[in-house]
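Participant: Chains as they are written, first to last, in the working numbering: chain A, 69 to 299; chain B, 309 to 715.
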Amino acid sequence: MIELSDVTKTYKTGAGSFQALRGVSFRIEDGEFVAIMGPSGSGKSTLMHILGALDTPTSGKYFLNGKDVSTLCEDELVDIRLGQIGFVFQSFNLLPRATVLRNVMLPLIYKSVEKSEREARAKVSLESVGLYEEHYHHLSNQLSGGQIQRVAIARALVNDPSLILADEPTGNLDTKTSEIVLGAFQRLNQEQGRTIILITHEKDVAEHSDRIIHFKDGMVVSDTKNQKNLH
Amino acid sequence: MKVEDFFEETLIALSSNRVRSGLTMLGIVIGISSVIVMVAIGQGAQSSIQSSIESIGSNLVQVMPGAKRSFGGGVSSGRGTAQSLTLDDADEIAANIEFVNAVAPEVSSRYQVTTKGANTNTSVVGVTEAYPNVRNVSVELGVFISDQQSKSLAKVAVVGSAVRDDLFGENGEAVGKIIRINGIQFTVVGVTEEKGGSGFGSQDDMVYIPISTAQKYLTGNEYITTISVQGVDSDSMTELQDSITNLLLERHNISDVSLADFNILNQADIVETASSVTGTFTTLLAAVAGISLFVGGIGIMNMMLTSITERTKEIGLRKAIGAKRSEINTQFLMEAVVLTLVGGVVGIILGVCVSFMLSIFGVIQTSISIPSIVLAFVVSVVIGIIFGYYPAKRAASLDPIIALRYE
Ligand SMILES: Nc1ncnc2c1ncn2[C@@H]1O[C@H](COP(=O)(O)OP(=O)(O)OP(=O)(O)O)[C@@H](O)[C@H]1O
Ligand SMILES: [Mg+2]
Chain A
69 MIELSDVTKT
79 YKTGAGSFQA
89 LRGVSFRIED
99 GEFVAIMGPS
109 GSGKSTLMHI
119 LGALDTPTSG
129 KYFLNGKDVS
139 TLCEDELVDI
149 RLGQIGFVFQ
159 SFNLLPRATV
169 LRNVMLPLIY
179 KSVEKSEREA
189 RAKVSLESVG
199 LYEEHYHHLS
209 NQLSGGQIQR
219 VAIARALVND
229 PSLILADEPT
239 GNLDTKTSEI
249 VLGAFQRLNQ
259 EQGRTIILIT
269 HEKDVAEHSD
279 RIIHFKDGMV
289 VSDTKNQKNL
299 H
Chain B
309 MKVEDFFEET
319 LIALSSNRVR
329 SGLTMLGIVI
339 GISSVIVMVA
349 IGQGAQSSIQ
359 SSIESIGSNL
369 VQVMPGAKRS
379 FGGGVSSGRG
389 TAQSLTLDDA
399 DEIAANIEFV
409 NAVAPEVSSR
419 YQVTTKGANT
429 NTSVVGVTEA
439 YPNVRNVSVE
449 LGVFISDQQS
459 KSLAKVAVVG
469 SAVRDDLFGE
479 NGEAVGKIIR
489 INGIQFTVVG
499 VTEEKGGSGF
509 GSQDDMVYIP
519 ISTAQKYLTG
529 NEYITTISVQ
539 GVDSDSMTEL
549 QDSITNLLLE
559 RHNISDVSLA
569 DFNILNQADI
579 VETASSVTGT
589 FTTLLAAVAG
599 ISLFVGGIGI
609 MNMMLTSITE
619 RTKEIGLRKA
629 IGAKRSEINT
639 QFLMEAVVLT
649 LVGGVVGIIL
659 GVCVSFMLSI
669 FGVIQTSISI
679 PSIVLAFVVS
689 VVIGIIFGYY
699 PAKRAASLDP
709 IIALRYE
């Protein structure tokens, strides 16, 4: 369960400071599939970084599964990320010099998981997004955009996180490939009950979720259940 | 993160840019191998000087006439030209001083030495029977001068191998032949074994005759030019030197050491002086090579910084998905250390090979010591740590968010 209360984020810039988040509060229950929408520069990625324990809020509280994450230090945040969160980034998702398999194993390498076990887990993870043996030893420049994003999703899954965050995972993909990637998210949500928060610009993409939060100028402007998808 | 994973990451990173890694490593290879070669050259010089000093005899103290100082000014004559030592001095040293093994007085000067058809200008040394033992000379053919011959003023000579070659041709028959020294006839009774070494003062380029014969027929006076005293062991050399000084001061009626009419040279002092000179020489060579090693280190740092800038996003991604600051730090430090370590090992191998070649092809004598290899190895690791430290620190402190946003 995620609980934000009055979270703000202020960036220091050359001239002064810029407030990217101005008091954001909401709750997301376990197993929800939430889409976050909003114009460019409205603070979506900033929010996502805080939700993903990559950054801490300037003020306000963030509780992840009952634990206050907003005051943790760098290394404690790393442990939260390794243990509970899977992240698919807006761009640059894969290490260019590592194979698909190694990219997916990376979180487990940092978690000091045994070689045989992490390989097995990486393969399970890759299979769950529809990537098989023949791609394991490719480098990222030998993959299509959709495949790259699916590898990134596989990596986000590999440490069995309860929360998956995706920052415009279909940003650079055509409609057909987007459908494949979104299908992967939907299955994770429906079949495995994982909480998914996804940022998008596109209405079609947001339609796959069951709740849509609209953002503008660092504030929540609307928070609606997506009737079509409620089951 | 496990150690073997650090190694694997390092390998992936370094092998993905082989040319750059190789060139950077080359700087270290050149630096380390030149340090090894330079030190080997320095130590080669040191050991060859040392062995040539030791070849003139072991545990040796040499007494030579000193500049005669007269009261009320006056120009003092140079060392060795004074006439102050006699055979009696030598006998007294042999008779009265502890720690003495043997005493070999000599009278030496340069003369024209001739045979029918050949002549040479060489050192003619008047010696006693003790000389070969004290000065480490051995006879190859015939016999050496005996004390009996010295007593009877025999006109016999033992020639060095170089003199033999000059007068009788390469390896020519010399024993039994007649030579003329300063016009006086001598019979050759022996030839000394070749000792190597060349130039002024080589023991191969000498003619030995009985000391009293030399005094009577050549110098015409009772003075001698050197007393070589062999001590019983190396520990008692200083005491030996002191007692000889005291004895001679007393015999010459001199109360002030600074007015002594003789000089005493201790072989240990000569070795020490020579090795301090070659030590300085070695340090200088090593310092020059060290500079190239330092430049190699800067190359490592430069490459690491470039690589970190290029890999900013990668570092951000690694941190975002679970790398701790310390793990990033270790990983980059390891890249630098592996580079310098491999470079160091290659450099050591290259340096040792080059040093051997220099010796084998007779370019210059080298001597490789295990400590210099161990040191080179340690230094290469230390260079990796020093020059990798700052880049690694910089990589580790990157903020993952800024790194991921970095274009
Ligand atoms: N490190 C920073 N320093 C200063 N300002 C920043 C920094 N990071 C982000 N911002 C500012 O914060 C605001 C929100 O940025 P954010 O990346 O969250 O937008 P976004 O909603 O994700 O936009 P997009 O849809 O284009 O990805 C932007 O105006 C941006 O300029
Ligand atoms: Mg964004």
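We treat Cβ as the ideally placed atom computed from N, Cα and C, and that holds for glycine.
Computed from a predicted model, the values in this text were never measured in an experiment.
What's the call for V411 of chain B, buried or exposed, on a 16-neighbour Cβ count within 10 Å?
Facilitator: The count along the second sequence starts at 1 and reaches residue 411 of chain B at position 103. Under this definition V411 of chain B is a buried residue.
Participant: How many whole angstroms separate the CB atoms of N367 of chain B and G539 of chain B, which I take to be in contact at a CB cut-off of 8 Å?
Facilitator: The residue given as residue 367 of chain B occupies position 59 in the second sequence. The residue given as residue 539 of chain B occupies position 231 in the second sequence. The pair is a contact, with the Cβ atoms about 4 Å apart (cut-off 8 Å).
Participant: Using only the alpha-carbon positions, how far apart do F669 of chain B and S359 of chain B sit?
Facilitator: Locating residue 669 of chain B in the second sequence gives position 361, where the first residue counts as 1. Locating residue 359 of chain B in the second sequence gives position 51, where the first residue counts as 1. Cα to Cα, the separation comes out at about 21 Å.
Participant: Taking a Cβ distance cut-off of 8 Å, strictly less, list which residues of the region 320 to 353 of chain B are near chain A, in chain order.
Facilitator: Residues I320, A321 and S324.
Participant: Residues of the region 136 to 164 of chain A in Cβ contact with chain B at a cutoff of 7 Å, in chain order, please.
Facilitator: Taking 7 Å as the Cβ-Cβ cut-off against chain B, the residues of the region 136 to 164 of chain A that qualify are E142, D143, V146, R149, L150, F155, F157, F160 and L163.
Participant: Nearest to L706 of chain B by CA position, among B:M665, B:V653 and B:L613, is which residue?
Facilitator: As a position in the second sequence, residue 706 of chain B is number 398, starting the count at 1. If we check each option's Cα against that of L706 of chain B, B:L613 comes out closest.
Participant: If we define contact as Cβ-Cβ less than 7 Å, is I177 of chain A a contact residue for chain B?
Facilitator: Position 109 of the first sequence holds residue 177 of chain A. Yes, contact with chain B.
Participant: Along the chain, where does the beta strand (DSSP E) containing N574 of chain B start, and where does it finish?
Facilitator: Translated into the one-based positions of the second sequence, residue 574 of chain B becomes position 266. Segment F570 to N574, the beta strand (DSSP E) holding N574 of chain B.
Participant: Mind checking whether the beta-carbon of G109 of chain A lies closer than 6 Å to any heavy atom of ligand 1?
Facilitator: In the first sequence, residue 109 of chain A corresponds to position 41, counting from 1. The answer is yes for G109 of chain A.
Participant: Check whether the Cβ of K621 of chain B lies closer than 6 Å to any heavy atom of ligand 2, and answer yes or no.
Facilitator: For this step, residue 621 of chain B is matched to residue 313 along the second sequence. Flag unset: Cβ of K621 of chain B not near ligand 2.
Participant: Does any CB atom of chain A fall closer than 7 Å to the CB of R587 of chain B?
Facilitator: For the purposes of this step, residue 587 of chain B is taken as the residue at position 279 of the second sequence. Note that residue 587 of chain B is Gly in the sequence shown here, rather than Arg. Judged by the 7 Å Cβ criterion, G587 of chain B is not in contact with chain A.
Participant: Taking CB distances under 7 Å as the criterion, tell me whether S208 of chain A reaches chain B.
Facilitator: As a working note, residue 208 of chain A is residue 140 in the first sequence. Not one chain B Cβ lies under 7 Å of S208 of chain A.
Participant: Cα separation between G111 of chain A and K284 of chain A?
Facilitator: In the first sequence, the residue the question calls residue 111 of chain A occupies position 43. In the first sequence, the residue the question calls residue 284 of chain A occupies position 216. The straight-line gap from Cα to Cα measures roughly 8 Å.
Participant: Are there any heavy atoms of ligand 3 lying less than 6 Å away from the beta-carbon of K112 of chain A, as far as the coordinates show?
Facilitator: Ligand 3 is absent from the structure shown, which contains only ligand 1 and ligand 2.
Participant: Spatial neighbours of K503 of chain B within its chain, please: CB distance less than 7 Å, with the 5 preceding and 5 following residues excluded, ordered by chain position.
Facilitator: Here residue 503 of chain B corresponds to residue number 195 of the second sequence, with the count starting at 1. For K503 of chain B, where only same-chain residues beyond five positions count, the Cβ hits under 7 Å are S363, Q511 and D512.
Participant: Measuring only between beta-carbons, confirm whether L119 of chain A sits less than 7 Å from chain B.
Facilitator: Counting from one through the first sequence, the residue named residue 119 of chain A turns up at place 51. No, because no Cβ of chain B sits closer than 7 Å to the Cβ of L119 of chain A.
Participant: Since I216 of chain A and T263 of chain A should fall inside the 8 Å C-beta cutoff, what is the C-beta to C-beta distance between them, to a whole number of angstroms?
Facilitator: On the first sequence, residue 216 of chain A is found 148 positions in, with the first residue counted as 1. On the first sequence, residue 263 of chain A is found 195 positions in, with the first residue counted as 1. That belief does not hold up - the Cβ atoms of I216 of chain A and T263 of chain A are roughly 24 Å apart, past 8 Å.
Participant: According to the neighbour-count rule (16 or more other Cβ atoms, all chains shown, within 10 Å of its Cβ), is F452 of chain B buried or exposed?
Facilitator: As a working note, residue 452 of chain B is residue 144 in the second sequence. When all chains shown are included, F452 of chain B counts as buried.
Participant: So D397 of chain B is in the beta strand (DSSP E); what residue range does that whole segment cover?
Facilitator: If you number the second sequence from 1, residue 397 of chain B lands on position 89. Segment L395 to N404 is the alpha helix (DSSP H) holding D397 of chain B; no beta strand (DSSP E) there.
Participant: Consider the Cβ of K632 of chain B: report whether some Cβ of chain A lies at a distance smaller than 7 Å.
Facilitator: Along the second sequence, read from residue 1 onward, the residue named residue 632 of chain B stands at position 324. It does; some Cβ of chain A falls within 7 Å.
Participant: Decide if D278 of chain A is buried, meaning its Cβ has at least 16 other Cβ atoms within 10 Å, or exposed.
Facilitator: For this step, residue 278 of chain A is matched to residue 210 along the first sequence. Result: buried.
Participant: If you follow the beta strand (DSSP E) that Y200 of chain A is part of, which residue opens it and which one closes it?
Facilitator: Sequence index remark: in the first sequence, residue 200 of chain A carries index 132 (1-based). Element bounds for Y200 of chain A: n/a, residue is neither H nor E.
Participant: To which residues does DSSP link K66 of chain A through a beta bridge?
Facilitator: Residue 66 of chain A lies beyond the range of chain A shown here (69 to 299); nothing can be said about it.
Participant: Can you find a CB in chain B that lies within less than 7 Å of the CB of D123 of chain A?
Facilitator: Residue 123 of chain A sits at position 55 when you count from the first residue of the first sequence. Closer than 7 Å: yes.
Participant: Using the DSSP secondary-structure output, state which residues sit across from I487 of chain B in a beta bridge.
Facilitator: Taking the second sequence and counting its residues from 1, the one referred to as residue 487 of chain B is at position 179. For I487 of chain B, which the question treats as bridged, DSSP gives the partners B:F494.
Participant: Give the straight-line distance between the Cα atoms of N404 of chain B and V371 of chain B, rounded to the nearest whole angstrom.
Facilitator: As a first step, residue 404 of chain B must be located in the second sequence, where it is residue number 96. As a first step, residue 371 of chain B must be located in the second sequence, where it is residue number 63. Going by the C-alpha atoms only, they are around 16 Å apart.
Participant: Who does T423 of chain B pair with in a DSSP beta bridge?
Facilitator: Within the second sequence, residue 423 of chain B is the residue found at index 115, counting from 1. BP columns for T423 of chain B point to B:A426.
Participant: Please classify Y79 of chain A: is it buried, with 16 or more other beta-carbons within 10 angstroms of its beta-carbon, or exposed?
Facilitator: By one-based count along the first sequence, residue 79 of chain A stands at place 11. The residue in question, Y79 of chain A, is exposed, as its Cβ has fewer than 16 Cβ neighbours within 10 Å.
Participant: Relative to the alpha-carbon of L319 of chain B, which residue among A:R255, A:E97, A:H203 and A:A166 has its alpha-carbon at the smallest distance?
Facilitator: By 1-based counting over the second sequence, the position of residue 319 of chain B is 11. Cα-wise, what sits closest to L319 of chain B is A:A166.
Participant: Kindly indicate which three-state DSSP category R377 of chain B falls into: helix, strand or coil?
Facilitator: Taking the first residue of the second sequence as position 1, residue 377 of chain B is located at position 69. Only weak support exists for where R377 of chain B lies, its pLDDT of 48 falling under 50; the value from the coordinates is given anyway. R377 of chain B: coil per DSSP, three-state reduction.
Participant: Let me know the beta strand (DSSP E) ranges lying completely inside the region 600 to 667 of chain B, each 3 residues or longer, listed in chain order.
Facilitator: Qualifying beta strand (DSSP E) stretches: none in this window.
Participant: Below 8 Å, how does it come out for the region 640 to 648 of chain B and the region 185 to 193 of chain A: are there three or more Cβ pairs, yes or no?
Facilitator: No, the region 640 to 648 of chain B does not touch the region 185 to 193 of chain A.
Participant: Rounded to whole angstroms, what is the Cα-Cα separation between F494 of chain B and Y525 of chain B?
Facilitator: Sequence index remark: in the second sequence, residue 494 of chain B carries index 186 (1-based). Sequence index remark: in the second sequence, residue 525 of chain B carries index 217 (1-based). Computed Cα separation, rounded: 11 Å.
Participant: Would you say P708 of chain B reaches chain A, if we count a Cβ-Cβ gap shorter than 7 Å as a contact?
Facilitator: Residue mapping note: residue 708 of chain B aligns to position 400 of the second sequence, counting from 1. Judged by the 7 Å Cβ criterion, P708 of chain B is in contact with chain A.
Participant: By DSSP's criteria, A103 of chain A is part of a beta bridge. Which residues make up the other side?
Facilitator: By 1-based counting over the first sequence, the position of residue 103 of chain A is 35. In the DSSP output, where bridge partners are listed per residue, A103 of chain A has A:L266 and A:I280.
Participant: Considering only the beta carbon of each residue, do T521 of chain B and V447 of chain B sit closer than 7 Å?
Facilitator: Residue 521 of chain B sits at position 213 when you count from the first residue of the second sequence. Residue 447 of chain B sits at position 139 when you count from the first residue of the second sequence. The answer is no: Cβ separation not under 7 Å.
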